[in-house]
Every structure is written in C-alpha cells, then in structure tokens.
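There are 2 protein chains.
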Amino acid sequence: METPDTQILFALGRITSALRAGLWQSAGELGLVPAQAEILTRIARQSARPADIAAHLGVSAASASDSISSLVAKGLALRLPDPEDGRAQRLLPTEAGLCLAEKLTAAPTAVQGALAALPSQDQAALLRALTLIIRTLQEARAIPVQRMCVTCRHFRPRVHANADHPHHCAFVDAAFGDASLRLDCGEHEAALAEEAAALWRRFDAA
Amino acid sequence: METPDTQILFALGRITSALRAGLWQSAGELGLVPAQAEILTRIARQSARPADIAAHLGVSAASASDSISSLVAKGLALRLPDPEDGRAQRLLPTEAGLCLAEKLTAAPTAVQGALAALPSQDQAALLRALTLIIRTLQEARAIPVQRMCVTCRHFRPRVHANADHPHHCAFVDAAFGDASLRLDCGEHEAALAEEAAALWRRFDAA
DNA sequence: TCGATTCAATTAGGAATCCTAATTATATTA
DNA sequence: TAATATAATTAGGATTCCTAATTGAATCGA
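Chains as they are written, first to last, in numbering that gives the first Met the number 0: chain G, 0 to 205; chain C, 0 to 205.
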C-alpha cells in the first residue's frame, strides 16, 4: 500500500463496491438484478448481439445468455434474428424495457452524486486519466474497443493554445477539453493504425 | 452521454468490468472466486469482523457469511471469538491463506498494467479525484470510513509552495503530493469534526 | 437488577449469476 | 465439397446474493 498504483487500485475497488451496491439498490426497486439492468441500459442505447453483451460485461457468453433470457422472460427485451449473420441475434428492448431503462439511467446513485460534487477541474482530470486507462486496456484486449475520441480520425489532440480547450473535433469543427472527451461517440470513425499511434502519443504526452 | 459525469460513470463501468474479469482470472487460477479473493486479501492485510467484510464489499451480512464459510471450508481462514465483544468474531487467515493472499496481490492484472502505463501526473490527478470521491461517498454513508489522509489529524493540505509536494504529514513530518495520498494509512488518527471540515475545504479548493 | 431493545452473526430458502463442456446451426475456408 | 471456425444456447453444478427468521450477547432504562 505505498505506490500510487496500489492506492489507485484500492480506490477503484472501493468505488466499485459502491457502484455494485448502488446498482443492487436502484435496479432492485425496479425488479431487476444488476446484470439485467446493465444489459437493458446497454441495448436501450443501441441494439447489440449477445456476444457484444458478454464482452461488455466481461463474462462468458453462457452467462450473458442466462441474463438475456431473464430479460426476455420478463418481457423487457426481444431476441431477433440478425439480418447480417444467420448465426447471430440482435437484442432489442421492448416498450416496457425502454421505459424501465430510462428510469434506471435517471435514478441517482451515491456515486453519481459524488461525481457531481467533484470540482470541474478534477472531473476533467479524472475523465482524461480514465480515458487513457481504457485505451491501454483496449490495446491489451482486456476490454472491447470503444468508439472513443482518442482513436477517432476526427480527433486533433492539443492543437489549440487555450489550456481549457486544447483539442479539436474535425467532425463538428469545434474546440474542446478533457472534460468533453467522449468514450462512446456516435460520429466515431476509427483512425488508421499509424494515424492512431500518432494521436495517442500526442494526447498522452505529459 | 454528454456531460463529463455521464462519461466518467461509463468509464468506471468499463474499468469495473475489466477488474471483475481480471479477478475471475487471477483468483480462478488459485481455486478461488472473486468474493473469496477479496475477503482473503482483506483479512491478510488486517484482521476484520464479518460485518466489516460485508460493509467493505457492499453486500449483506448473510452474503459475506456465505463467502467466509467457503474460505473456512477451504482451510484458508479461521473464525475466532472476538475478545472485545462476545457477539462478534475476528477473521484471520491461516498459513495457507496468507500464502495464497500474497500470490493474489502479486498477480499482475490488465488494470494494474494500465495504471503503471499512466503518466505520473495523470496518476496523481487520478488518485486525487478518487480520494475526493471516496470522501464524499463516506459522508453519504455509501461506503465505510477509510483511514485516509483527508480525514486525518496529521494531514496539512496545501501548506507548501512546491507544486509537486504541497501537503504535509505531521506524523512523519514530511511534504508530499497528490500521488502519495493514502487511503488506508496505519498511522491514521481521525480529526475532530470541525477540524475535518476545515481540512476538507482546504484540500478540495480548486 | 431485570426486562426490553439493539446488535453481530448465522441459518434457511430460493433466485440469479457464473463457470466449463457439449450441442446446434450457420459461415468461412481449403 | 469437406473441414474448420463462429454465434449462441443448453446442461450441470458451484457460488453468490437476497430477505426473513433465529441465536446469543451487549446495552439501556426503569
């Protein structure tokens, strides 16, 4: 318990516990368990395959299938055949599922409150650090690839002198700062390999 | 998915998944499941009561009791009567449990790798932000109280001009920075209520 | 001091997740 | 066309997780 690494890991563990407890609480009030709530909010945002869900949650395909079946049995989700691949399926929320997903994302949790209470400079620094971590985890194949700024061909890191808005998005043609980094952007287009490496170095530089 | 809050929550979710998957992996190689691994490493660091374990993990006392029983059945932990309270127990690791706990903490995970790869400035900023979050979660009674710098009577936030080492610990009489903030310090002594509030304001100030 | 209440912990009962291994059906490749 | 790979589920079993009820010990008030 001495290096920053160890302290950070410890801190993440504590916050993870709070997140799980909060999810049991808020999901439980709506008749769901955490895994079901996570899957439902995910497919409410965007349709996904069972394999995506499993990768997103970091569980086996069999476990994901279990939880999906629970949602289907409750009439909150549908399994439809995937038009692009006869082996695959597309998961969609039902009307009731969408309604419940909105309540879930709206439900305030203790962690959300703590984030809101964070000074905006710390918020930006936190988001920046987490973005870097997620990028590294992606490269290590520990988590599935995100549609995030730091791998997007529209991203221009550190091109402005303004310390609060050093980055630029070529898609919306606007300057922005660490606080506005996206991890799941609808306009994301993957940069080519060498281009991505250059973005990475530029953003990462301390 | 627009405000920093939402992005941060999303990011924490992704990292949580990676943490859980890593724990299934590393604990699984040693014949444990995540909950058992977390309890074992916790009691290896310091003896604890079942109620502490439950609060630490954010689960019910009954669930904690289940997992503790699993550890006891495997010969990795012992339940001893608590000398201070006849209703309570003290949990201790056995020799085999200590040995396993060391292997667990030594096992490198993907998230640990990602943390190590983080530039040290981002590490410090991350630890600072997480410390603030944990402090808020404690106040909201969402997680149990930690033996952390920001609630310690030896802590002197922002007393030095040196930007890298602005804080001071009166116990060891040394300057330190955000990167060295402790969340579980052996020398922690809780500050009085009003004193604690003053520390908080001073450290929090952006 | 004695009863009532509170508290720490476990047990009981049951639902849900999680795993690996095996199976089915579709895609891809040689 | 045959062999292999992939997407998903099912089967079987271990474990966690919940709430409610129980046991024993500590504390509080009359």
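All residues carry an ideal CB built from backbone N, CA and C; glycine is no exception.
Looking at C-alpha atoms only, which residue of the options is the closest neighbour of residue i?
i         : options                                     : result
Val71(G)  : Ala189(G), Ala196(G), Leu97(G) and Thr5(G)  : Leu97(G)
Ser16(C)  : Leu18(G), Pro3(G) and His55(G)              : His55(G)
His187(C) : Asp81(C), Phe154(C), Ala87(C) and Ala61(C)  : Phe154(C)
His166(C) : Ala189(C), Ala197(C) and Phe202(C)          : Phe202(C)
Leu22(G)  : Thr104(G), Pro80(G) and Cys148(G)           : Thr104(G)
Ser68(G)  : Pro92(G), Arg19(G) and Asp81(G)             : Pro92(G)
Trp199(G) : Ala76(G), Leu18(G), Thr150(G) and Ala178(G) : Thr150(G)
Ala169(C) : Val144(C), Cys148(C) and Glu37(C)           : Cys148(C)
Ala195(C) : Ala76(C), Gln137(C), Ala47(C) and Asp84(C)  : Gln137(C)
Ala139(G) : Asn161(C), Pro107(C) and Ala139(C)          : Pro107(C)
Glu28(G)  : Ser179(G), Lys102(G) and Ala162(G)          : Lys102(G)
Compute the distance between the beta-carbons of residue i and residue j, then report whether it is under 7 Å.
i         : j         : result
His164(G) : Gly176(G) : yes
Leu126(G) : Pro118(C) : no
Arg152(C) : Asp183(C) : no
Ala95(C)  : Thr40(C)  : no
Pro33(G)  : Ala43(G)  : no
Ala130(C) : Ala113(G) : In the sequence as displayed, the identity of residue 130(C) is Thr instead of Ala. No. Outside cutoff.
Arg86(C)  : Leu79(C)  : no
Ile115(G) : Ala141(C) : In the sequence on display, residue 115(G) carries Ala and not Ile. Taking 7 Å as the Cβ cut-off, Ala115(G) and Ala141(C) do not qualify as a contacting pair.
Arg19(C)  : Gly74(G)  : no
Ala128(G) : Ala124(C) : yes
Ala63(C)  : Ile52(C)  : yes
Ser66(G)  : Gln24(G)  : no
Ile133(G) : Arg13(C)  : yes
On the criterion of 16 or more Cβ atoms from any shown chain inside 10 Å, does residue i qualify as buried, or is it exposed?
i         : result
Asp121(C) : buried
Met0(C)   : Bear in mind that the predicted position of Met0(C) carries a pLDDT of just 47, short of 50, making it unreliable; the figure below should be weighed with that in mind. By the neighbour-count rule (16 or more Cβ atoms within 10 Å), Met0(C) is not buried but exposed.
Gly30(G)  : exposed
Gln45(G)  : exposed
Leu11(C)  : buried
Ala185(G) : In the sequence under discussion, the amino acid at residue 185(G) is Gly, which differs from the Ala named in the question. Under this definition Gly185(G) is an exposed residue.
Leu191(G) : exposed
Ser59(G)  : exposed
Met49(C)  : In the sequence as displayed, the identity of residue 49(C) is Pro instead of Met. When all chains shown are included, Pro49(C) counts as buried.
Pro156(G) : buried
Pro82(C)  : exposed
Ala76(G)  : buried
Ala197(C) : exposed
Ala178(C) : buried
Tell me, which residues are paired with residue i by DSSP?
i         : result
His166(C) : Phe175(C)
Gln88(G)  : Pro80(G)
Cys98(C)  : Partner(s): none; Cys98(C) has no beta bridge.
Cys151(G) : Ala189(G)
Ala53(G)  : Partner(s): none; Ala53(G) has no beta bridge.
Ala47(G)  : Leu90(G)
For the stretch 109 to 132 of chain C, which residues have a beta carbon sitting closer than 8 Å to at least one beta carbon of chain G?
Ala109, Val110, Gln111, Gly112, Ala113, Leu114, Ala115, Ala116, Leu117, Pro118, Ser119, Gln120, Asp121, Gln122, Ala123, Ala124, Leu125, Leu126, Arg127, Ala128, Leu129, Thr130, Leu131 and Ile132
Mind listing which residues of the stretch 154 to 170 of chain G have their C-beta closer than 9 Å to chain C's C-betas, in chain order?
none
Chain C contacts made by the stretch 17 to 36 of chain G, where a contact means CB separation under 9 Å:
Ala17, Leu18, Arg19, Ala20, Gly21 and Trp23
Positions along the stretch 184 to 195 of chain G whose CB lies within less than 7 Å of some CB in chain C
none
Short of 8 Å Cβ to Cβ, which residues in the stretch 81 to 110 of chain G face chain C?
Ala109 and Val110
Would you list, in chain order, the members of the stretch 50 to 66 of chain C that have their beta-carbon closer than 8 Å to a beta-carbon of chain G?
His55, Leu56, Gly57 and Val58
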